[in-house]
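Read the structure below first, then the notes.
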Amino acid sequence: MSETRRLLDAAKALSRLLHACGVPHAFYGSVFTAVIANIPQSDEIFCIVEGGQGQTHPFRRVRDAVGGMEDFTTTHSPWTNRLHVMYRKPIPAIELCSALKIEILPAGETGPRRLDPSTVSVIQGIPFLTVSEFIRAKLKTWMIRRSERDAMDISYVTSRYWNKVDINRIPEQDMSFFVSRNPATLPAWMALRRKYGV
Numbered sequence: 008m009s010e011t012r013r014l015l016d017a018a019k020a021l022s023r024l025l026h027a028c029g030v031p032h033a034f035y036g037s038v039f040t041a042v043i044a045n046i047p048q049s050d051e052i053f054c055i056v057e058g059g060q061g062q063t064h065p066f067r068r069v070r071d072a073v074g075g076m077e078d079f080t081t082t083h084s085p086w087t088n089r090l091h092v093m094y095r096k097p098i099p100a101i102e103l104c105s106a107l108k109i110e111i112l113p114a115g116e117t118g119p120r121r122l123d124p125s126t127v128s129v130i131q132g133i134p135f136l137t138v139s140e141f142i143r144a145k146l147k148t149w150m151i152r153r154s155e156r157d158a159m160d161i162s163y164v165t166s167r168y169w170n171k172v173d174i175n176r177i178p179e180q181d182m183s184f185f186v187s188r189n190p191a192t193l194p195a196w197m198a199l200r201r202k203y204g205v
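Heads up: the sequence shown begins at 8 in the numbering used here, then just goes up one per residue.
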């Protein structure tokens, strides 16, 4: 488990480089829940990077943005088609270098295809998926791997922020199945459905 603050420092550093290169991006993962719940430990962070028609692949855009930066290295895994960015920043008090890994995900594969103000919100100076997009992306992941961590993230965010969720972005059948397996989320899901008259 990493300190949430260190993950945010890594995210902020990567975000500055991507922003300077004009690359739309947003962070996602359990780090989002840690930030909004003020939890000091987190161990999951992803960066969703936009690609699309007429643009280079998101992995290339990230490699170009971090190329030549001594605090960053990239590792591409062709077998799994994943790119990881390692952030290495010396910790002055300890005088050692620790690495934090951020997995890069193409927009549309995880999260929305377009990363714009309707799908991204800035928290502590870092772009994250909005609450609706976070729940949608986590729900998609939970439907595949049924991870308890994903379930806890979905339950926490849905229960606390249901009033900020756009129900049109949440797959109803998937969420109904999720709620059947995680009944603590039922009151928030029903409140959201009432809000939209569903």
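All C-beta atoms in this analysis are idealised placements derived from N, C-alpha and C, irrespective of residue type, glycine included.
Spatial neighbours of residue i within its chain, please: CB distance less than 6 Å, with the 5 preceding and 5 following residues excluded, ordered by chain position.
{"i": "R120", "result": "A114"}
{"i": "G58", "result": "H64, P65 and P113"}
{"i": "T80", "result": "M93"}
{"i": "N202", "result": "Position check: residue 202 holds Lys in this sequence, whereas Asn was assumed. For K202, where only same-chain residues beyond five positions count, there are no Cβ hits under 6 Å."}
{"i": "T82", "result": "H91"}
{"i": "M150", "result": "D181"}
Do residue i and residue j have their C-beta atoms within less than 8 Å of each other?
{"i": "F53", "j": "T117", "result": "yes"}
{"i": "T265", "j": "Y163", "result": "Residue 265 lies beyond the stretch modelled for the chain, which goes from 8 to 205, so this question has no answer here."}
{"i": "A195", "j": "S166", "result": "yes"}
{"i": "I177", "j": "R152", "result": "no"}
{"i": "V42", "j": "R68", "result": "no"}
{"i": "I55", "j": "H32", "result": "yes"}
{"i": "A106", "j": "R95", "result": "yes"}
Consider the C-beta atom of residue i and the heavy atoms of the ligand SAH; say whether any pair is separated by less than 7 Å.
{"i": "D173", "result": "Of the ligands one can find in the structure shown there are none, so the ligand SAH has no counterpart to examine."}
When the Cα atoms are used, what is the spatial distance from residue i to residue j?
{"i": "K171", "j": "I161", "result": "14 Å"}
{"i": "F34", "j": "I133", "result": "8 Å"}
{"i": "D78", "j": "D181", "result": "40 Å"}
{"i": "F20", "j": "L14", "result": "At residue 20 the sequence reads Ala, which differs from the Phe that was named. Their Cα atoms are separated by approximately 10 Å."}
{"i": "D157", "j": "S37", "result": "8 Å"}
{"i": "P124", "j": "N189", "result": "31 Å"}
{"i": "M159", "j": "R70", "result": "33 Å"}
{"i": "T137", "j": "L193", "result": "21 Å"}
{"i": "M76", "j": "K108", "result": "15 Å"}
{"i": "S49", "j": "Q62", "result": "33 Å"}
{"i": "P18", "j": "E179", "result": "Residue identity differs from the one stated: residue 18 is Ala in this sequence, not Pro. Their backbone Cα atoms lie some 31 Å apart in a straight line."}
{"i": "T148", "j": "N45", "result": "23 Å"}
{"i": "D16", "j": "S22", "result": "10 Å"}
{"i": "T87", "j": "I111", "result": "12 Å"}
{"i": "F135", "j": "E51", "result": "13 Å"}
Between residue i and the rest of its own chain, which residues show a CB-CB distance below 8 Å, the 5 nearest in sequence each way excluded?
{"i": "G204", "result": "none"}
{"i": "A27", "result": "A72"}
{"i": "N186", "result": "For the sequence presented, residue 186 should be read as Val rather than Asn. Hits under 8 Å: T192, L193 and W196."}
Assuming residue i contacts residue j (C-beta within less than 8 Å), just tell me the rounded distance between them.
{"i": "L199", "j": "W169", "result": "5 Å"}
Excluding the 5 residues preceding and the 5 following residue i in the sequence, name in chain order all residues of the same chain whose CB lies nearer than 7 Å to its CB.
{"i": "E140", "result": "G118, P119, T126 and R176"}
{"i": "P47", "result": "E10 and T11"}
{"i": "L24", "result": "A72, V73 and M76"}
{"i": "I130", "result": "V42"}
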